[in-house]
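In what follows, a structure is listed as structure tokens, so that the remarks can point back to it.
Residue numbers (this note's numbering): 2 to 252.
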């Protein structure tokens with residue numbers, strides 16, 4: 002029955018209407034917000050960039066309830082005032098990043114104390130346009146292990162990272178080759194939260210021929226990340242991007 006209706010619509014509109022409906026449906030699903038989505042808020046009236054982190058507790062038609070945010074610079078709980086204007090970034094469970102402008106409306110106690118902020122609706126969300134996985138400069142602790150005892154494990158610090166891969170300095174003596182699969186262990190530090198630990202397979206996609214202090218830059222692409230691991234990497238990369246932008250504004 003549904004297929005007959007769809008066929009009828011296609012005949013009436015020469016396919017265009019039905020295709021546009023499919024497009025809207027996909028866009029709507031892509032932008033769906035869920036309880037637990039990470040929310041980053043920036044005070045647009047502050048002289049210096051102020052960033053707060055929170056999570057969505059409940060989504061209404063024109064409002065969003067969030068838990069009390071904390072200041073990313075201090076790690077302390079922040080008290081946002083009524084009518085305060087903010088720019089919001091949302092990292093959804095579908096690994097998309099959306100922005101919108103909002104105003105603090107008030108406070109309420111449901112199961113937990115929450116802050117109420119205005120929500121312009123799904124149609125007003127702006128998706129952050131970017132490459133599939135943006136690499137950002139970041140120094141985190143990394144341990145690299147062989148898959149079949151081809152070399153002794155070593156530790157390093159990353160040069161840059163994304164949800165798709167990582168680059169680091171590796172000892173030249175390890176003789177790492179493009180295409181080789183290894184196991185990488187990473188520690189992701191989050192402001193105001195516990196560190197998150199990720200271990201996954203990865204393969205080498207690039208080895209820099211330039212050697213400095215017996216080390217060379219090696220780039221890896223992750224293999225077989227779980228959705229939770231990917232989500233953590235996207236969130237971490239996004240946090241790092243905002244920090245770099247904040248430093249740029251201060252300078």
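Cβ coordinates follow ideal geometry from the N, Cα and C atoms, glycine included.
Source: prediction; values computed, not measured.
Residue 105 holds the alpha-carbon nearest to the alpha-carbon of residue 84 among 105, 195, 64 and 65. For residue 33, no beta strand (DSSP E) encloses it, and the DSSP letter there is neither H nor E.
Straight through space, the alpha carbons of residue 52 and residue 113 are spaced by roughly 23 Å. For residue 142, the enclosing beta strand (DSSP E) covers residues 142–147. As the crow flies, the alpha-carbon of residue 101 is around 45 Å from that of residue 178. Judged by beta-carbon spacing, residue 212 lies beyond the 9 Å limit of residue 181, meaning their Cβ atoms are not closer than that value. Residues of the same chain with a CB within less than 6 Å of the CB of residue 246, apart from the 5 flanking positions on each side, do not exist.
The C-beta distance from residue 66 to residue 78 rounds to 16 Å, too long to fall under 8 Å, and the pair is not in contact.
If one requires a minimum length of 3 residues, the beta strand (DSSP E) runs lying completely within the region 171–228 are 182–189, 197–208 and 216–224, in chain order. Comparing alpha-carbon positions, the option among 36, 81 and 59 lying closest to residue 43 turns out to be 81. Residue state for residue 54 is assigned as strand, using DSSP reduced to three classes.
In the DSSP assignment, residue 104 is bridged to 86. In the DSSP secondary-structure assignment, residue 158 is bridged to 142. Beyond the five residues adjoining it in sequence on each side, residue 61 comes within less than 8 Å, by CB distance, of 120 in the same chain, given in chain order. In this structure, the straight-line span from the alpha carbon of residue 224 to that of residue 162 is close to 14 Å.
Residue state for residue 152 is assigned as coil, using DSSP reduced to three classes. In this structure, DSSP gives residue 124 a helical state, which the three-state scheme calls helix. Distance between residue 229 and residue 151, taken at the CA atoms: about 29 Å.
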